[in-house]
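Engineer:
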Amino acid sequence: MTVTLGAYLKSLREIAGFSLRVVEGMTDISNGYLSLLEHDRIKSPSPNVLAALAKCYGADYGALMQLAGYPVPGSPRPLPQGTTFFHGVEQLTSAEREEIQEIIALKLRLRRESLG
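The sequence shown begins at 864 in the numbering used here and counts up one residue at a time.
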């Protein structure tokens with residue numbers, strides 16, 4: 864399973880249960896720009912945009928930076944677009960993948976709640 868920055872951002876937003884307009888309100892990034900990001904029409908948004916989205920979604924800023932092609936200190940090399948996450952996921956059934964997605968959604972929700 865490969866993921867682009869846009870697909871990853873869209874999945875983070877959907878897991879959080881946010882609409883594009885909600886994210887716009889939380890980040891001051893226009894919903895049109897967010898849509899372009901999610902559809903991979905913009906591949907390397909500014910670090911400030913990525914920082915705002917990482918905070919909004921409770922995501923790892925370094926991972927977003929790597930997916931956007933930026934070098935990250937302490938990382939051996941940036942992750943190329945289409946990097947495979949969760950090796951072996953293709954061997955799981957769709958029900959097993961859904962279960963893992965639900966666990967991730969729960970973890971993200973708990974993180975957001977703990978951050979206030």
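We put the beta carbon where it would ideally sit given N, CA and C, even for glycine.
Smallest Cα separation from Leu-868: which of Leu-883, Thr-890, His-902, Arg-960?
Structural biologist: Position 5 of the sequence shown holds residue 868. With distances taken between Cα atoms, Leu-868 lies closest to His-902.
Engineer: In whole angstroms, what is the alpha-carbon distance linking Leu-883 and Tyr-896?
Structural biologist: Within the sequence shown, the letter at position 20 stands for residue 883. Within the sequence shown, the letter at position 33 stands for residue 896. Going by the C-alpha atoms only, they are around 10 angstroms apart.
Engineer: Straight-line CA distance for Gly-925 to Gly-880?
Structural biologist: Here residue 925 corresponds to residue number 62 of the sequence shown, with the count starting at 1. Here residue 880 corresponds to residue number 17 of the sequence shown, with the count starting at 1. About 23 angstroms.
Engineer: Can you tell which of Gln-929, Tyr-933, Leu-971 has its C-alpha closest to the C-alpha of Val-866?
Structural biologist: For the purposes of this step, residue 866 is taken as the residue at position 3 of the sequence shown. Among Gln-929, Tyr-933, Leu-971, the Cα nearest to that of Val-866 is on Gln-929.
Engineer: Could you tell me the alpha carbon to alpha carbon distance between Ala-927 and Pro-910, rounded to whole angstroms?
Structural biologist: Looking up residue 927 in the sequence shown gives position 64. Looking up residue 910 in the sequence shown gives position 47. For the record, residue 927 in the displayed sequence is Leu; it is not Ala. Answer to the nearest angstrom: the Cα atoms are 9 angstroms apart.
Engineer: In chain order, what residues of the same chain lie with their CB nearer than 6 angstroms to the CB of Thr-890, ignoring the 5 residues before and after it?
Structural biologist: Against the sequence shown, residue 890 aligns to sequence position 27. Here the set comprises Ala-915, Cys-919.
Engineer: What do you get for Leu-913, buried or exposed, if any count of 16 or more other CB atoms within 10 angstroms of its CB means buried?
Structural biologist: Here the question's residue 913 lines up with position 50 in the sequence shown. Buried, since its Cβ has 16 or more Cβ neighbours within 10 Å.
Engineer: Go through its chain and collect everything with a Cβ distance to Val-886's Cβ below 8 angstroms, but skip five positions before and after it.
Structural biologist: In the sequence shown, the residue the question calls residue 886 occupies position 23. Within the same chain, Val-886 has close Cβ partners Arg-876, Ile-892, Asn-894, Leu-897, Leu-916, Cys-919.
Engineer: Is Val-935 helix, strand or coil when you go by DSSP?
Structural biologist: Residue 935 sits at position 72 when you count from the first residue of the sequence shown. Correct three-state label for Val-935: coil.
Engineer: Ala-958: buried (16+ other C-beta within 10 angstroms of its C-beta) or exposed?
Structural biologist: The residue given as residue 958 occupies position 95 in the sequence shown. Classification of Ala-958: exposed, given that the 10 Å Cβ count is below 16.
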